[in-house]
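Trainee: Numbering (this note's numbering), first residue to last: 2 to 270. Note that beta-carbon positions come from the ideal geometry of N, C-alpha and C, so glycine has one too. All values derive from a computational prediction rather than experimental measurement. Starting off with a structure, shown below.
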């Protein structure tokens with residue numbers, strides 16, 4: 002066997018596992034998981050990032066890994082879950098904003114106007130897409146992508162390949178963030194829901210007062226107009242709420258990664 006092949010062969014399995022942990026980000030992470038980003042570009046980004054990161058983690062790599070599917074399959078799954086968990090934690094506030102837009106659109110009667118959201122490759126209404134893109138822009142402006150890559154690289158120095166304990170998995174953390182995501186969606190959509198409720202009550206009184214009036218002719222346009230005015234009036238609140246929840250999710254992610262570091266030191270001790 003040539004010396005070059007023999008010298009790099011021991012690094013093949015660890016390099017693949019580092020690639021897998023970083024690749025987990027591309028499953029749920031905002032922007033990185035978007036179909037807008039061509040698959041070839043994502044693969045090149047992943048390979049280039051792994052080539053840069055791997056030399057800094059050689060000291061933490063196990064030396065007895067073999068290129069065997071039976072041995073590597075559990076490790077590949079575990080490494081993928083670490084990267085995917087980090088991406089999912091960061092993505093929850095963005096999908097919460099899309100849910101808020103969906104609630105607004107349904108109350109305004111725009112639920113039938115479905116469009117394809119190119120950033121998530123799923124169907125959604127216009128308001129949900131606008132709010133999602135607003136949150137995506139805020140995520141990019143606060144340096145969310147750099148933070149996610151930094152978090153994954155940090156875990157490579159604190160958690161060895163295949164060394165994540167079951168109690169370190171962020172199941173409870175993700176469940177709590179999902180609950181806060183629903184809370185965020187309802188808080189953002191509440192002004193529109195309240196305005197539409199008042200409009201419905203007013204239309205009901207008007208219908209009872211003037212039975213001959215055809216409410217259908219102007220009721221639906223008035224509902225859409227009232228909802229749009231409520232959205233415009235609450236833009237500043239939506240912006241502040243989005244920034245706060247994005248910051249909170251990144252802080253929670255940072256604390257979780259820091260707790261992994263503490264756990265790793267405790268297990269070494």
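Is residue 268 helix, strand or coil when you go by DSSP?
Mentor: Reliability of the predicted coordinates at residue 268 is poor, the pLDDT of 46 falling under 50, and no value is obtained from them.
Trainee: Which term fits residue 99, buried or exposed, when burial requires 16 or more other beta carbons within 10 angstroms of its beta carbon?
Mentor: buried
Trainee: Exposed or buried, which one is residue 126 when buried takes at least 16 other CB atoms within 10 Å?
Mentor: buried
Trainee: May I have the straight-line CA-CA distance separating residue 81 from residue 27, to the nearest angstrom?
Mentor: 10 Å
Trainee: Give the single residue among 111, 212, 237 and 242 whose Cα lies nearest to the Cα of residue 226.
Mentor: 111
Trainee: What three-state label does DSSP hand residue 69 in the structure shown?
Mentor: coil
Trainee: Nearest to residue 76 by CA position, among 56, 85, 165 and 131, is which residue?
Mentor: 165
Trainee: If you drop the 5 nearest sequence neighbours on each side, which residues of the same chain put their C-beta closer than 6 Å to that of residue 19?
Mentor: Contacts found: 51 and 55.
Trainee: Does the contact criterion of 3 or more C-beta pairs under 8 Å hold for the segment 152-161 versus the segment 126-144?
Mentor: no
Trainee: Hey, how far is the Cα of residue 96 from the Cα of residue 181?
Mentor: 12 Å
Trainee: Where residue 42 and residue 146 are concerned, what is the direct C-alpha to C-alpha distance, given to the nearest angstrom?
Mentor: 16 Å
Trainee: Closest to residue 224 by C-alpha separation, out of 214, 196, 236 and 86, would be which residue?
Mentor: Of the candidates 214, 196, 236 and 86, the one whose C-alpha sits nearest the C-alpha of residue 224 is 196.
Trainee: Roughly how many angstroms separate the alpha carbons of residue 102 and residue 188, rounded to a whole number?
Mentor: 11 Å
Trainee: Answer yes or no: the CB of residue 133 versus the heavy atoms of the ligand HEM, is any distance below 7 Å?
Mentor: As presented, the structure is devoid of all ligands, the ligand HEM included, so that no description of it is given.
Trainee: What's the C-alpha gap between residue 244 and residue 185?
Mentor: 12 Å
Trainee: At which residues does the alpha helix (DSSP H) containing residue 203 begin and terminate?
Mentor: 172-210
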